[in-house]
Amino acid sequence: MKSAVGDYMRAVVALLLFCGFAIGSVAQALEPVHPGDTLLVSVFQDPKLDRKIIVGPDGMVSFPLAGHFRAGGRTLPQLEETLKARLQKNYSSPLDITIALGDVNKEEEAESRPRVYITGEVLKPGPYVLRAGTNVMQALVLAGGLGQFAAKHRIQIHRRVRGIDTIQEFDYSAYMAGMFNDNIRLQRGDVIIVPERGLLE
-7 MKSAVGDYMR AVVALLLFCG FAIGSVAQAL EPVHPGDTLL VSVFQDPKLD RKIIVGPDGM
53 VSFPLAGHFR AGGRTLPQLE ETLKARLQKN YSSPLDITIA LGDVNKEEEA ESRPRVYITG
113 EVLKPGPYVL RAGTNVMQAL VLAGGLGQFA AKHRIQIHRR VRGIDTIQEF DYSAYMAGMF
173 NDNIRLQRGD VIIVPERGLL E
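Take -7 as the starting number for the sequence shown in my numbering and just add one per residue.
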């Protein structure tokens, strides 16, 4: 009895894994190709044409016997049909062509990652990739630390909440002195502003 139940559970798990793989494959096939993506092309009837090609910045690709054509913005099935149409005149039997997505454009992928923005009296202002759980102190470290003229007790975190701009204040000096533990956790799009201290500060 236990063996039958175990076999059943293994079959269910295998089915779920297969379904997940199939759904992922369909989703990938429907995703348009972008400049910088790598495509893996396989021609069943002529393996010497199997190769890896990279989509150019203009969205175009080149392929032997098929010439130069647009790939950017098109799906993998659409590209397969285009390549078949361009190659078929060179073969007597119907072609079986498969195109899969290799590496995606790393720069485009990086651009889509969540960021926070740090400006003002820090050594290295600019945008920084936001990792899960990053707080204000960690972000300031990424920015090289506070500058010589930073107003440490009135650092601002600007955040858009439901379409409304909000401002939270962070007292760096008080935090370092152990006077409070409010190390604000950051969210995507937060802007940290470190103002310059006044003459009397």
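All C-beta atoms, glycine included, are put in the ideal place defined by N, C-alpha and C.
If you follow the alpha helix (DSSP H) that residue i is part of, which residue opens it and which one closes it?
i	result
TYR167	164 to 168
ALA131	128 to 134
How about residue i: is its C-beta nearer than 9 Å to some C-beta of chain D?
i	result
ILE156	Protein chains in the displayed structure number just one, and chain D is not present.
By alpha-carbon positions, which one of the options ends up nearest to residue i?
i	options	result
GLY28	LEU122, ASP38, GLY190 and ARG62	ARG62
PRO86	HIS60, PHE36 and PRO56	PHE36
ASP182	GLY118, SER34 and GLU23	GLY118
GLY59	VAL186, THR74, PHE141 and GLY112	THR74
PHE141	GLY125, VAL153, VAL114 and GLN160	VAL114
GLY65	GLU23, PHE162, VAL133 and PRO56	GLU23
LEU31	ARG146, LYS40, GLY155 and LEU68	LEU68
TYR217	VAL108, LEU57, ALA92 and ILE46	The chain is shown from -7 up to 193; residue 217 falls before or after that span and cannot be answered.
ILE149	PHE55, PRO187, ALA92 and GLN80	PRO187
Considering only DSSP beta bridges, list what residue i is partnered with.
i	result
GLN148	GLU161 and ILE185
PHE55	GLY59
LEU93	LEU31
GLY155	Looking at the DSSP assignment, GLY155 forms no beta bridge with any residue, so it has no partner.
GLY112	VAL186
Taking the C-alpha atoms as reference points, what is the distance between residue i and residue j?
i	j	result
ILE89	VAL25	17 Å
ARG177	VAL128	6 Å
ASP157	GLY137	25 Å
ILE159	ASP50	42 Å
ALA242	LYS44	The structure shown does not extend to residue 242, since the chain is modelled only from -7 through 193, so no value can be given for it.
ALA166	GLY155	31 Å
LYS76	ILE91	11 Å
VAL33	ILE185	49 Å
LEU93	GLN70	13 Å
For the beta strand (DSSP E) containing residue i, name the first residue and the last one.
i	result
THR67	Per DSSP, THR67 belongs to no beta strand (DSSP E) and is neither H nor E.
SER84	Premise fails: SER84 is in no beta strand (DSSP E) and is neither H nor E.
PRO119	118 to 121
Is residue i helix, strand or coil when you go by DSSP?
i	result
LEU79	helix
LEU41	helix
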